[in-house]
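Asks: Quick one: the structure is below, questions incoming.
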């Protein structure tokens, strides 16, 4: 093993592969070793059955807000962190929005698809997404008919889902659209309307045949750009932005070597030295959902999931409502004047809820930070849990100054935690 | 320290209220009523004459035993850190005597609470008449001695009076609480001046204090002395000195939405000069009456509910009925008198409503042509219905229907059917724009009567059934009785009942609502999962907590055989609201 395995490394793993972990888990992982931590992450796959079953009446309400709350409840439950992390990634990759789909059941079914197949064979996932009713509504599958093909889905599958810009032509888009003619939705189910399908010969990426939709997808998946496209996504999500071409090629090869299995590829990734390198840590700006979830789980805070989902929405990431076909822009776009204010206010309110008996957020910062004995110990405790890679520089000095202001332990916990959570460094994951 | 002692005493005093015993055969004629001990500037006054019977039995009292033995009680006890028996035993060990007996001694002949205001802050006063003065003195000494020990003080620092006022021993427990004991009279207040006033009033021979206020005497003349508790509120006074809730209550008559939702009597209840509230409770029944006196002429006029109200008959009750109501909503009157009844800022909403309603009635002026022809008496019936196979919603709700009598029913009935058609069309346009299922109109005959309804297309098999499938809206007309129902099957049932003459006149002369506990419990249980998930997702409860609360809610409903709510207008200037809850028989 290359990089040193310690609490900071464990924190990095749980934040990237899941949504953070409380101090107790980090201490355990640091002691048990990387492989044990990975076994733990990959083994936890089942949610509370009652929470899962509880979606049935929620869907009957025909409203996306309680479904958003439900998904956030699954994330905050931290019972299947990798499953939810990967589902969130595919929700961004195969973006559909309830703003257009307008059907909470379809949106939920799509996330269930990501949850079920997200860690499996990417090729199976792509085929399933292509038949997913939410996706077909989102990209106008019903209007894709012989003689008048609607190119929306074909364009996105080439550009965003499977290949990426630069690897196809406009003709490929038109031909692929013909292959998907007749694919539609009826009463929330995928239907193939043969009468609307164009059975004629097509030429896609230089290959010829009377392709249907599935055959067209196979053509795309056989193209060398396809594994690179998927590898690029995985590297951006789990390692850092703008991976080099060499690194993408390397991991495209590993993906194919793993028979396109996302779980096995991720395991290799989380075992790699690159994943734990200094360049990978804190290398991207956390998205709102991961920010609020990581903070809640790390500190052991409790809050109504609906409110947490709403807070993420105010910061710019409303679950089931990405802004467009490309998903969320991410990166620097997560932070602007309005969203920073929302982040600052939410995290400050969370820290200030310590010791308060008010409804809503409940957090015991003393327990969360490992019960520092005196105000003077709080800065170190906050650094260890929230900013484990932070050196003794300006920010840590600021934390220490706040911790030595001579106020009570409870107030010190609030102030130091608020400062740590609202420091720009904390918003890097 | 004093704050803590005051807190300890505050614990004892309310407990006293819970163990009051029946008035002893003492020379009660020579002592003033407890109300006579309260200053005239008391805005809220409450007595608990009937608490005796409830609490003399302690944990063995039938009602208490029943509550503790119910599923609700078991849930409560499961969450409590200690059992009631252990809690009482623990207090007895510390106090050196049975807390129930001690409280009995302090309040044997009554306990009252008065609330006044000084410079905007509430001033509380408690007056209690106990049994033997010597025993009361001993109880107080024990309680204060215990409190002293709890806070590391010498017993002597607290058990002896700190001073005397009019011969009464007085204890000052910080700035927060002053106690006085004179013979069998125990007084307490968070304001020393108020305590002095009470001792002064106690020395007077003629009726004085609050008891001498004419409004108080009039409002409380019905006190029989065997109520569990009763209370009097000076609404006009409270609106001057106290809080927003009272002001909001008095403003309810000027809110059209509340007028429509709650009706005229409820909205005007807070508008009187004073209100009297009476509570009776035993193991079989709860009765709560609220009467508002001195309702101003202008408000009384807007109440509309006729003094000699003669509500029309409704389709007869069926065993399956979940709820039935007869409400008075003079919509035509609300529109007609809108400028007198409501503030200017809400009047545009009437214009908006008139315009919207005109859309459904082919441009007709609803204020002149439609609403005056609809009887203000509206019957409401809630009854479960059987859904079509495969169309039972995942959140199943009982159906509800409104039955209204129409004047010129032939003409107006057609307009109502037309409005229904328009409504279905509007809903369908909206649904089409959002790719949602359409409502399919259907016309049926029940014997010779037409039932016009609309239903959603059958839900996709295996995909869950949305909340909207509770709605199979229907309208029907039987002679002059117009039926508007959320579900076709209920409309058809009511049409059959009306045509067969299966109708009954409701008892009483005012509005009336009855709710069956079993039906409410069924709705809660049918939707337990949805209610629990709401607690988890929106209130942050754990699944165990949320499920427990839903079970408790169902358990409360199980305990209720029937809940009845009624309104009356006894005189031109008084209004009354009554609540009756019959509990299910033990073991049901």
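Protein chains in written order, with my numbering: chain L, 68 to 496; chain X, 263 to 850.
C-beta: ideal position from N, C-alpha, C; glycine also.
Values in this document were obtained by computation on a predicted structure and should not be read as measured data.
(1) Tell me the DSSP bridge mates of residue 425 of chain X?
(2) Quick check on residue 128 of chain L: does DSSP put it in helix, strand or coil?
(3) Can you give the Cα-Cα distance for residue 369 of chain L and residue 632 of chain X, rounded to whole angstroms?
(4) With 7 Å set as the bound, which would you pick, yes or no: does the beta-carbon of residue 212 of chain L sit closer than that to a beta-carbon of chain X?
(5) Nearest-angstrom Cα distance between residue 286 of chain L and residue 256 of chain L?
(6) Please classify residue 509 of chain X as buried or exposed, where buried requires at least 16 other C-beta atoms within 10 Å of its C-beta.
(7) 7 Å is my cut-off, CB to CB: does residue 124 of chain L come that close to chain X?
(8) Rounding to the nearest angstrom, what Cα-Cα distance links residue 837 of chain X and residue 557 of chain X in this structure?
(9) Leaving out five residues before and five after residue 273 of chain L in sequence, what residues of the same chain have Cβ atoms less than 7 Å from its Cβ?
(10) Within this structure, are the beta carbons of residue 490 of chain X and residue 542 of chain X separated by less than 7 Å?
(11) Is residue 346 of chain L close to chain X? Criterion is C-beta to C-beta, closer than 7 Å.
(12) Verify the contact flag: residue 131 of chain L, CB atom, against every heavy atom of the ligand MN, threshold strictly below 6 Å.
(13) By the three-class DSSP mapping on this structure, what secondary structure does residue 529 of chain L have?
(14) Determine the burial state of residue 356 of chain X: buried for a count of at least 16 other Cβ atoms within 10 Å of its Cβ, exposed for fewer.
(15) Under a Cβ-count criterion, where at least 16 other Cβ atoms within 10 Å of its own Cβ denotes burial, should residue 219 of chain L be classed as buried or exposed?
(16) Which residue spans inside the segment 385–467 of chain L form an unbroken beta strand (DSSP E) run of at least 3?
(17) Closest by CA to residue 357 of chain L, which one among L/398, L/330, L/322 and L/92?
(18) Can you list the residues of chain X that residue 140 of chain L reaches, using a CB-CB cut of under 7 Å?
(19) Compare the C-beta of residue 696 of chain X with all C-beta atoms of chain L and state if any pair is closer than 7 Å.
(20) Would you say residue 371 of chain L lies against chain X (beta-carbon separation less than 7 Å)?
(21) List the residues of chain L whose Cβ lies closer than 8 Å to the Cβ of residue 655 of chain X, in chain order.
(22) Residue 300 of chain L: buried (16+ other C-beta within 10 angstroms of its C-beta) or exposed?
(23) Roughly how many angstroms lie between the CA atoms of residue 598 of chain X and residue 623 of chain X, to the nearest whole one?
(24) Do you know whose CA, among L/155, L/209, L/323 and L/260, lies nearest residue 293 of chain L's CA?
(25) Which first and last residues belong to the beta strand (DSSP E) in which residue 839 of chain X is found?
(26) Excluding five sequence neighbours on each side, which residues of the same chain lie with their C-beta closer than 6 Å to the C-beta of residue 133 of chain L?
(27) Between residue 310 of chain L and the rest of its own chain, which residues show a CB-CB distance below 7 Å, the 5 nearest in sequence each way excluded?
(28) Would you decide whether residue 78 of chain L is buried or exposed? Buried here means 16 or more other CB atoms lie within 10 Å of its CB.
(29) Do the segment 334–347 of chain X and the segment 808–821 of chain X touch if we need at least three Cβ pairs shorter than 8 Å?
(30) Going by beta carbon distance, what residues of the same chain come within less than 6 Å of residue 145 of chain L, once the five residues before and after it are set aside?
(31) Terminal residues of the continuous alpha helix (DSSP H) containing residue 643 of chain X?
(32) Just verifying my parser: in three-state terms, what is the DSSP assignment at residue 480 of chain X?
(33) Leaving aside the five residues before and after residue 73 of chain L along the sequence, list all residues of the same chain whose C-beta is less than 6 Å from its C-beta, in chain order.
(34) Taking only three categories from DSSP, how would you classify residue 296 of chain L?
(35) Taking all protein chains shown into account, decide if residue 177 of chain L is buried (16 or more other Cβ within 10 angstroms of its Cβ) or exposed.
(36) Quick one: is residue 728 of chain X near chain L, going by C-beta distance under 7 Å?
Replies: Let me lay it out:
(1) X/432
(2) coil
(3) 54 Å
(4) no
(5) 25 Å
(6) exposed
(7) yes
(8) 8 Å
(9) none
(10) yes
(11) no
(12) Absent from the structure shown: the ligand MN. Ligands present: none.
(13) No answer is possible for residue 529 of chain L: it lies beyond the span of chain L, which begins at 68 and ends at 496.
(14) exposed
(15) buried
(16) none
(17) L/398
(18) 798 and 799
(19) yes
(20) yes
(21) 127
(22) buried
(23) 19 Å
(24) L/323
(25) 836–845
(26) 125
(27) 299, 302 and 303
(28) buried
(29) yes
(30) 364
(31) Premise fails: residue 643 of chain X lies in the beta strand (DSSP E), 636–645, not in any alpha helix (DSSP H).
(32) helix
(33) 97
(34) helix
(35) buried
(36) yes
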